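So the structure is just underneath, and the comments pick up after that.
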C-alpha cells in the first residue's frame, strides 16, 4: 500500500489509478514524523530545571 495525499478513482477494468500530489518531505506523514522527532529530542522545562539542579 502506498500512502497518498489524494486518490482519484479506479478504472473501469478494475485497476486503481493513484495520483501522487506530494512526495517525500511534503507529505502529511513526513511532517508528523518530523514533529514527533522534534518533540522526542527536546526536553520539557521541568526536565531542564532538574538537569541544572543536578549539577
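Residue numbers (our numbering): 7 to 61. Yeah, the Cβ is synthetic: ideal placement off N, Cα and C, and Gly gets one too. Remember, it's a predicted structure, so these values are computed and weren't measured experimentally.
Q: Alpha carbon to alpha carbon, how far is residue 41 from residue 7? Give it in angstroms, no decimals.
A: In this predicted model, residue 7 has a pLDDT of only 49, less than 50, meaning its place in the structure is not dependable; the value taken from the coordinates is given anyway. If you take the alpha carbons of residue 7 and residue 41, they lie about 24 Å apart.
Q. What are the start and end residues of the alpha helix (DSSP H) that includes residue 57?
A. Element bounds for residue 57: 51-60.
Q.
If I measure Cβ to Cβ from residue 44 and keep anything under 6 Å in the same chain, skipping five residues before and after, which residues do I get?
A. For residue 44, where only same-chain residues beyond five positions count, there are no Cβ hits under 6 Å.
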